[in-house]
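J.:
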Amino acid sequence: DQQVKQNSPSLSVQEGRISILNCDYTNSMFDYFLWYKKYPAEGPTFLISISSIKDKNEDGRFTVFLNKSAKHLSLHIVPSQPGDSAVYFCAASSGGSNYKLTFGKGTLLTVNP
Amino acid sequence: GAVVSQHPSRVICKSGTSVKIECRSLDFQATTMFWYRQFPKQSLMLMATSNEGSKATYEQGVEKDKFLINHASLTLSTLTVTSAHPEDSSFYICSASGGTSKGRTETQYFGPGTRLLVL
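Here is the structure:
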């Protein structure tokens with residue numbers, strides 16, 4: 030049972046436009062959500078996170094929105110740059126002592142010049 | 005802040021040998037470290053979770069005798085692939101949590117990964 034779903038395996042966007050990456054979850058115990066960016070043959074890089082007590086968190090060009098009632102979160106990148114081309118993973122945590130994260134399968138973002 | 009290193013970045017070994025991969029948190033004390041495996045075009049698969057000074061907790065289907073994990077200090081964890089076989093060839097990534105530069109304590113910071121090729 031996939032508790033974190035990224036239904037779009039890929040997304041293509043023009044440079045300068047907005048990229049919107051989506052993520053859905055099923056486990057209502059999740060209360061902390063993260064986005065990671067990953068280039069091929071490298072480890073993921075932490076981008077931004079949001080706690081369930083908030084519905085928006087912004088960091089530079091990156092904004093994460095959380096809709097708890099819909100169990101949905103999204104990552105907005107604006108303006109998109111060619112260097113943003115990578116696989117983006119959504120992850121969720123339900124807290125607890127082991128701090129495990131549950132990852133989605135990722136979305137490949139391609140930003141075209 | 006929150007930098008994790010991994011060594012080696014790439015290793016090629018003969019079938020039947022053992023390979024050790026090191027994961028270090030360079031600028032924070034990691035209360036918990038994680039080991040993942042990534043197959044081509046697939047998501048990260050958690051193999052095990054380790055806390056300093058205690059035995060690792062392995063995910064279902066991961067052989068604890070094959071993938072030995074040691075978490076000797078708050079900044080170092082090692083993964084040893086014992087008696088490696090070609091099917092163990094993969095990209096192994098570690099992560100560490102406990103740094104608080106951004107987000108909650110459970111934010112994981114990842115190492116750059118180790119590419120293992122078993123011939």
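Taken in order, these protein sequences are the chains called V and E. Under my numbering, think of the first position of the first sequence as 30, with each following residue one higher. Under my numbering, think of the first position of the second sequence as 5, with each following residue one higher. Backbone N, C-alpha and C define an ideal beta-carbon position, used for all residues, glycine too. The model shown is predicted, which means the values in this text are computed figures rather than measured ones.
(1) Just checking my contact of proline 73 of chain V with tyrosine 65 of chain V at CB under 8 Å: how many whole Å lie between their CB atoms?
(2) Note the first and the last residue of the continuous beta strand (DSSP E) segment covering lysine 24 of chain E.
(3) On the three-pair Cβ rule with 8 Å, is the stretch 26-37 of chain E touching the stretch 93-107 of chain V?
(4) Using CA atoms only, rank isn't needed, just tell me which of E:Ser81, E:Val15, E:Ile73 is closest to serine 9 of chain E.
(5) Where are the beta strand (DSSP E) runs, 3 residues long or more, that stay fully inside the stretch 58-98 of chain V, in chain order?
(6) Pick helix, strand or coil for aspartate 53 of chain V, following the three-state DSSP scheme.
(7) Can you find the residues in the same chain that come closer than 6 Å, C-beta to C-beta, to asparagine 74 of chain E, ignoring five residues on each side of it along the sequence?
(8) Nearest-angstrom Cα distance between proline 111 of chain V and proline 142 of chain V?
(9) Using C-beta distances below 6 Å, list every residue in its chain close to glutamate 110 of chain E, excluding the 5 sequence neighbours before and after it, in chain order.
(10) Please state whether the Cβ-Cβ distance between leucine 137 of chain V and cysteine 119 of chain V is less than 8 Å.
(11) Report buried or exposed for glycine 65 of chain E, applying the criterion of at least 16 other Cβ atoms within 10 angstroms of its Cβ.
(12) Count the other CB atoms within 10 Å of the CB of arginine 14 of chain E; is the residue buried (16 or more) or exposed (fewer)?
(13) Alpha carbon to alpha carbon, how far is lysine 34 of chain V from glutamine 112 of chain E?
(14) Counting only beta-carbon separations shorter than 8 Å, does glutamate 110 of chain E have a partner in chain V?
(15) Determine whether the Cβ of threonine 84 of chain E lies closer than 8 Å to any Cβ atom of chain V.
T.: Answer, in terms of the structure:
(1) 4 Å
(2) 23-29
(3) no
(4) E:Ser81
(5) 61-67, 74-80, 85-88, 91-96
(6) Secondary structure of aspartate 53 of chain V (DSSP, three-state): strand.
(7) Exclusion of the five residues before and after asparagine 74 of chain E leaves Thr82 as the residues of its chain whose Cβ lies within less than 6 Å of its Cβ.
(8) 6 Å
(9) Ser101
(10) no
(11) exposed
(12) Exposed, since its Cβ has fewer than 16 Cβ neighbours within 10 Å.
(13) 19 Å
(14) For glutamate 110 of chain E, the answer is yes, since a Cβ of chain V falls inside 8 Å of its Cβ.
(15) By this cut-off, threonine 84 of chain E is not an interface position.
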